[in-house]
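One structure below.
Residue numbers (UniProt numbering): 1 to 203.
Pasting the structure below:
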């Protein structure tokens, strides 16, 4: 089974990558929103170079075609993007696939694509964006873990204080956005996350 680092930050661009990689990241997602095609390709290429130099795995959000072109190792798709994506092309390129889920129906859709990992969220209330789903809670994390044959990534409202309980509920990795990018000291907060998740890195 795929081994994911237990800390999985999500950043909007390579400027954030440059700030956070020195904290010792081993897994990170590049989630670019509403950018021109040339910018997307440039950012993905630069992110791959930065992560390779830092010994960090890069996950490209949404842009699966550009990820194939750039030689990325991971792609993450939401449900709408999954419906439009060529999963066979992703597989043929040797790219690992992560898929977002928020309901039993979405989990069934995701598992039909035989993903390398499944993400569940929001575990807790999140301020990043308005979500049509209520917070899932730790019981749902445990229920999801019992159903998936691959690593489970938890996302939504996560903080270092909440991390141990989410891991104990069954999550293999914790995806974090708001707690870092809105923090007054993102680099220090990232270092805290790396330290807090260290016990699960050794398992």
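Backbone N, C-alpha and C fix where the C-beta goes; we use that ideal spot for every residue, glycine too.
How is residue i classed by DSSP in three states: helix, strand or coil?
| i | result |
| --- | --- |
| residue 175 | strand |
| residue 96 | strand |
| residue 3 | coil |
| residue 123 | coil |
| residue 155 | strand |
| residue 22 | helix |
| residue 199 | helix |
| residue 136 | coil |
| residue 28 | strand |
What is the C-beta distance between residue i and residue j, in whole angstroms, given that I count them as a contact (C-beta under 8 Å)?
| i | j | result |
| --- | --- | --- |
| residue 153 | residue 172 | 7 Å |
| residue 151 | residue 135 | That pair is no contact at about 21 Å. |
| residue 155 | residue 119 | 5 Å |
Where residue i and residue j are concerned, what is the direct C-alpha to C-alpha distance, given to the nearest angstrom?
| i | j | result |
| --- | --- | --- |
| residue 11 | residue 17 | 7 Å |
| residue 185 | residue 179 | 10 Å |
| residue 169 | residue 19 | 31 Å |
| residue 110 | residue 191 | 32 Å |
| residue 97 | residue 79 | 12 Å |
| residue 1 | residue 148 | 12 Å |
| residue 165 | residue 101 | 20 Å |
| residue 199 | residue 141 | 19 Å |
| residue 40 | residue 146 | 36 Å |
With 8 Å set as the bound, which would you pick, yes or no: does the beta-carbon of residue i sit closer than that to a beta-carbon of chain B?
| i | result |
| --- | --- |
| residue 18 | Among the chains in the structure shown there is no chain B, since it carries only a single protein chain. |
With a Cβ-Cβ cutoff of 8 Å, do residue i and residue j count as a contact?
| i | j | result |
| --- | --- | --- |
| residue 83 | residue 45 | no |
| residue 175 | residue 196 | no |
| residue 194 | residue 157 | no |
| residue 95 | residue 73 | yes |
| residue 56 | residue 21 | yes |
Inter-stretch contact (C-beta, 8 Å, three-pair minimum) for the segment 83 to 98 and the segment 110 to 125: Enough Cβ pairs lie closer than 8 Å, so yes.
Please determine if the segment 15 to 30 and the segment 42 to 58 are in contact, where contact requires at least 3 C-beta pairs separated by less than 8 Å. Result yes; three or more Cβ-Cβ pairs closer than 8 Å.
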